[in-house]
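So the sequence lines, in the order shown, correspond to chains A and B.
To get the working numbering, take the position in the first sequence, counting from 1, and add 2.
To get the working numbering, take the position in the second sequence, counting from 1, and add 2.
Heads up, the beta-carbon is just placed ideally off N, CA and C, and yes, glycines get one too.
For clarity, every value in this text was computed on a predicted model and none was experimentally measured.
Protein chains: 2
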Amino acid sequence: MPNSGKTVRERIREHSDSLTTSERKLCAVLLANYPAAGLASITKFAQDARVSTPTAARMVQKLGFKGFPQFHQALRQEVEAKVSGPTQRRANWAAESPDDHIINRFGDAVMGNLSQTFANLDSANFEAAVRQLAATEHQLYVVGGRITRALADYAFTHFQTIRPNVTHMTSSSATWPHYVLDMKPGETLLMFDVRRYETNLHRLAGLAADRGVKVILLTDQWGSPATRIATQTFHCWGEVPSAWDSNIATMMLLEALIAATQEQSWPQTKDRYDRLDDLFDMTRLFRKST
Amino acid sequence: MPNSGKTVRERIREHSDSLTTSERKLCAVLLANYPAAGLASITKFAQDARVSTPTAARMVQKLGFKGFPQFHQALRQEVEAKVSGPTQRRANWAAESPDDHIINRFGDAVMGNLSQTFANLDSANFEAAVRQLAATEHQLYVVGGRITRALADYAFTHFQTIRPNVTHMTSSSATWPHYVLDMKPGETLLMFDVRRYETNLHRLAGLAADRGVKVILLTDQWGSPATRIATQTFHCWGEVPSAWDSNIATMMLLEALIAATQEQSWPQTKDRYDRLDDLFDMTRLFRKST
DNA sequence: CATTCTCTGTCAATATACTTTCATACTAAT
DNA sequence: ATTAGTATGAAAGTATATTGACAGAGAATG
């Protein structure tokens with residue numbers, strides 16, 4: 003048995019460079035539902051991935067199997083090893099590594115943070131924030147702190163894609179007064195502030211609120227002092243086995259806000275997407291791919 | 003679908019009285035290696051139990067399946083539920099909201115992406131990357147694309163905190179040649195490239211690799227063209243119910259890399275943290291709080 | 001001991017699954 | 001633009017899986 007010792011997953015990873023588009027589709031389907039997807043017949047497997055049967059046959063050969071039946075058997079052996087093996091892992095993180103490997107500890111912690119964050123989410127608040135973010139007639143300002151600057155940037159890039167009138171307030175607080183000068187009632191300030199909370203951000207929130215701007219605040223589990231000022235506050239958990247706090251939950255909430263905003267303001271957003279696509283094509287800065 | 007709701011195991015128990023000797027043999031084989039044994043072809047399954055093929059066919063009909071293929075599919079679904087089930091299960095997100103609320107759909111998708119990403123992670127690769135990132139005697143360059151610029155920025159901020167000699171290559175590709183000019187063998191380039199893959203990044207990776215720089219690439223599930231050039235590649239899943247791809251898994255992997263690097267280079271890192279703290283206190287730029 | 005009933009395997013028929021071949025579409029490079 | 005190379009799916013061919021029909025073996029019963 004020359005195949006032993008390598009899982010199908012490993013084989014896919016090994017060959018990931020040399021796979022074609024259709025073959026990648028197949029792998030995606032398999033990995034999304036591993037290994038069950040590959041235990042069906044080659045025909046069903048191919049249909050699931052919207053490719054032809056021969057493509058599937060070719061792929062498993064590329065992975066080093068003589069034919070689909072051999073591939074099938076390899077998967078079966080993995081099921082045997084996994085299911086009848088030692089106590090079932092709850093999430094199969096990095097299957098090869100021990101439980102106390104940093105990857106697995108980190109993964110568990112992040113999972114916990116995400117569910118904490120969403121469990122503590124008030125959906126009425128969420129929807130109110132989305133409505134505010136989707137109000138394209140008002141300017142949207144985005145700002146972050148030392149660490150969360152990156153998140154603010156990410157928010158800016160995405161919101162700029164889905165709606166007009168977005169402004170990224172740079173992290174240099176010296177320039178903030180200029181922005182405040184032009185703020186009008188009803189406008190929106192999306193602010194990120196996590197420990198160590200920054201006094202400047204707190205002051206900025208105050209100034210903005212004074213001018214009738216709605217402040218949407220993404221902060222950590224303890225809550226920035228700006229909480230009292232903000233119209234909507236979202237607490238994001240960030241405990242991980244390290245000296246700093248994780249911002250994954252914050253980013254997840256941010257992405258959820260973006261997704262919801264986009265959903266709300268479809269089809270204007272779609273129009274923007276299409277136009278952006280055309281521009282990219284014209285400039286040929288980016289290679290198009292499916 | 004009258005079959006749903008019962009596992010094959012339960013069905014066997016249910017019918018255990020009315021089974022014949024040969025059928026018992028089959029069930030014994032299946033239960034001894036459940037469910038892998040039943041996932042083979044009917045012929046192999048029968049041979050394993052030293053009975054004839056039709057006997058197996060008759061048994062699965064007795065259990066309530068129309069034929070062997072249906073039995074086969076039921077087992078496959080059990081595998082699916084067992085292996086991917088615990089991960090999929092919702093950690094009752096926003097409990098008040100319906101299941102199809104965008105928050106819940108989004109949360110489920112992200113959860114899936116995270117476990118996909120970590121399940122496909124090669125821990126040897128991960129550790130090699132961490133060793134490279136912790137090699138403080140070499141310069142570390144960080145670069146990202148249009149969307150991933152924010153992640154590169156986040157990486158920069160953190161790596162700058164835990165080690166010296168970190169350079170953030172700005173997203174304006176016009177300046178990249180200047181950085182390449184000074185690159186030396188053994189140095190590290192941490193690159194982010196997700197769809198739409200950017201030709202400039204690909205070229206940069208090539209130039210860096212030519213000069214003996216190790217390229218660590220964080221890309222999406224399909225894989226940037228730079229995959230072929232990179233020393234270590236990490237695929238991060240990003241499917242979410244929206245028009246764009248999520249980068250949460252990428253950020254999680256990044257944070258994991260940062261955490262592992264920090265763990266590796268403790269206590270130098272601790273020293274830096276302490277000194278940074280002192281500086282913050284001195285400048286009083288940031289308010290200290292627990 | 002014969003008879004009947006059930007169980008089981010052999011064999012053939014049929015339906016899938018799998019593979020190979022080949023024409024077309026696409027990509028990338030000149 | 002042209003051309004070489006690659007990737008892909010349609011279709012035909014081949015192998016295998018699955019099922020149905022039948023007959024022999026074994027146990028229980030009269």
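By the criterion of at least three beta-carbon pairs nearer than 8 Å, the region 131 to 151 of chain A is in contact with the region 182 to 189 of chain A.
Per DSSP, reduced to three states, the secondary structure at A:Ile-218 is strand. With a threshold of 16 other beta carbon atoms within 10 Å, A:Glu-80 meets it and is buried. B:Asp-110: member of the alpha helix (DSSP H) spanning 104 to 121, first to last residue. About 6 Å separates the Cβ atoms of B:Gln-264 and A:Ser-244, confirming a contact at the 8 Å cut-off. For B:Ala-262, the C-beta contacts it makes with chain A under 7 Å involve Ile-104, in order along the chain. In this structure, the straight-line span from the alpha carbon of B:Pro-179 to that of B:Met-185 is close to 10 Å.
Inclusion of B:Phe-120 and B:Ile-260 in the CB contact set at 8 Å is not warranted, their separation being larger than that value.
In this structure, B:Ala-152 lies near A:Asp-155, with their beta-carbon atoms less than 8 Å apart. The DSSP-derived three-state label of B:Thr-263 is helix.
In this structure the region 8 to 28 of chain A lies against the region 57 to 70 of chain A, because at least three pairs of beta carbons, one per stretch, are closer than 8 Å.
Secondary structure at B:Glu-200: strand, using DSSP grouped into helix, strand and coil. A:His-237: not part of any alpha helix (DSSP H); member of the beta strand (DSSP E) spanning 234 to 238, first to last residue. In the three-state reduction of the DSSP assignment, A:Asp-124 falls in the coil class, being assigned neither a helical nor a strand state. With a cutoff of 8 Å on beta-carbon distance, A:Trp-239 and A:Ala-251 are scored as near each other.
For B:Val-145, no alpha helix (DSSP H) encloses it; the enclosing beta strand (DSSP E) starts and ends at 142 to 145. Under the three-pair Cβ rule at 8 Å, the region 40 to 59 of chain A counts as touching the region 20 to 32 of chain A. Distance from the CA of B:Asp-247 to the CA of B:Ser-175, rounded to the nearest whole angstrom, comes to 23 Å. Spanning the alpha carbons of B:Phe-70 and B:Ala-76 requires a straight line of approximately 10 Å. The DSSP-derived three-state label of B:Thr-159 is helix. The region 118 to 138 of chain B makes contact with the region 222 to 240 of chain B; the number of CB pairs closer than 8 Å reaches 3 or more.
Under DSSP, the beta-bridge partners assigned to B:Met-193 are B:Val-145, B:Leu-219. Between A:Ile-231 and B:Asn-106, the alpha-carbon positions lie close to 28 Å from each other. Nearest to A:Gly-114 by C-alpha distance, out of A:Gln-223, A:Ala-131, A:Ile-218, A:Ala-262, is A:Gln-223. Your pair B:Leu-219 and B:Ala-228 checks out as a contact, with CB atoms roughly 6 Å apart and the cut at 8 Å. Look at A:Thr-169 here: in three-state DSSP terms it is strand.
Counting along the chain, the unbroken alpha helix (DSSP H) around A:Leu-32 starts and ends at 23 to 34. Contact annotation for A:Thr-159 against chain B: Arg-148, Ile-149, Arg-151, Ala-152 [CB-CB distance below 9 Å, chain order]. Contact annotation: in the region 131 to 142 of chain B, no residue has its CB less than 8 Å from a CB in chain A. Shown here, B:Phe-67 sits in coil according to DSSP, grouped into three states, outside any helix or strand.
Distance from the CA atom of A:Asn-167 to the CA atom of A:Asn-202, rounded to whole angstroms, is 24 Å. Assignment of A:Ala-211 by DSSP, reduced to helix, strand and coil, places it in the helix class. No Cβ of chain B is located within less than 8 Å of the beta carbon of A:Pro-269. Put simply, of A:Lys-216, A:Ala-34, A:Ser-24 the residue whose alpha carbon is nearest the alpha carbon of B:Glu-241 is A:Ala-34. Nearest neighbour of B:Asp-195 by Cα position, chosen from B:Gly-147, B:Gln-134, B:Thr-22, turns out to be B:Gly-147. A straight-line Cα-Cα distance of about 39 Å links A:Asn-249 and A:Arg-78.
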